[in-house]
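Residue numbers (the working numbering): 597 to 700.
From the three backbone atoms N, C-alpha and C, an ideal C-beta is built for every residue, glycine too.
The next block holds one structure in the form of structure tokens; read it before the comments.
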């Protein structure tokens with residue numbers, strides 16, 4: 597199975613590790629990501645779709661990162677995602693699917 601990680605997620609996790617653990621662990625994390633994942637970069641259409649998602653789910657605590665993650669998943673035509681954020685993703689209906697299939 598090929599695992600894809602949005603570049604935006606790498607930024608978020610890397611910053612979290614740097615601020616809360618250490619630079620050494622951040623570097624180790626980045627080395628593991630490059631070795632074990634395909635990195636998916638954000639496209640303009642993903643941002644446009646993310647805006648649509650933010651507007652649609654304005655009453656929820658969906659942030660831009662969640663919306664971009666959703667947009668990329670839709671573009672890749674998958675509802676299989678790895679996330680610890682099951683609460684938010686259980687409330688989003690991705691295009692072409694009834695729900696996300698959280699693989700935790």
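Straight-line spacing of the CA atoms in residue 642 and residue 598 works out to 21 Å. Taking C-alpha positions only, residue 694 is separated from residue 616 by approximately 36 Å.
Residue range 634 to 636 is occupied by the beta strand (DSSP E) that includes residue 634.
With respect to the C-alpha of residue 679, the residue from 699, 667, 692, 670 having the closest C-alpha is 699.
Residue pairing of residue 688 in beta bridges, as defined by DSSP: absent, with no partner found. Under the criterion of beta carbons closer than 8 Å, residue 635 and residue 606 qualify as touching, at roughly 7 Å.
In the three-state reduction of the DSSP assignment, residue 641 falls in the helix class.
A direct Cα-to-Cα measurement between residue 645 and residue 676 gives close to 18 Å.
Distance check between residue 640 and each of 664, 624, 672, 692 places 664 closest, using alpha-carbon atoms only.
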